[in-house]
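As structure tokens, the structure follows; a few thoughts come after it.
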Amino acid sequence: MKLLALTLGLLPLMAMAGQTINEQIDVPANKRIFIENQRGDVRIEGWDKPQLKIEGELDDKAQGYRLEVEGSRVEFIVKMPRNLGGW
Numbered sequence: 466m467k468l469l470a471l472t473l474g475l476l477p478l479m480a481m482a483g484q485t486i487n488e489q490i491d492v493p494a495n496k497r498i499f500i501e502n503q504r505g506d507v508r509i510e511g512w513d514k515p516q517l518k519i520e521g522e523l524d525d526k527a528q529g530y531r532l533e534v535e536g537s538r539v540e541f542i543v544k545m546p547r548n549l550g551g552w
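As structure tokens, then:
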């Protein structure tokens, strides 16, 4: 089974660069991959390795990210302020 290689291009809307992401983790067989990203681009590519690779740059408004194996899935979540773009 091919697992996903994930390349995130989280492009900031401002000229200043955000935090760089360059992570690679082993993914056990039969895990689901969950991605939560409110701003920016996400590109997903399959490959023949049992790993998840994430590369990119966080939006300047991002408050960091979380990458972990949680139960039956692998989670990658970009943390954004609660009131971003709200009324």
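Read in order, the letters of the sequence shown correspond to residues 466 to 552 in the numbering used here.
We treat Cβ as the ideally placed atom computed from N, Cα and C, and that holds for glycine.
- Lys-518 is bridged by DSSP to Gln-489.
- Secondary structure of Arg-508 (DSSP, three-state): strand.
- In the structure shown, Arg-531 falls within a strand segment according to DSSP collapsed to helix, strand and coil.
- Only exposed fits Ala-494, as fewer than 16 other CB atoms lie within 10 angstroms of its CB.
- Take the alpha-carbon of Lys-514 and the one of Ile-500: they are about 19 Å apart.
- Looking at the backbone, the Cα of Gln-484 and that of Val-534 are separated by about 22 Å.
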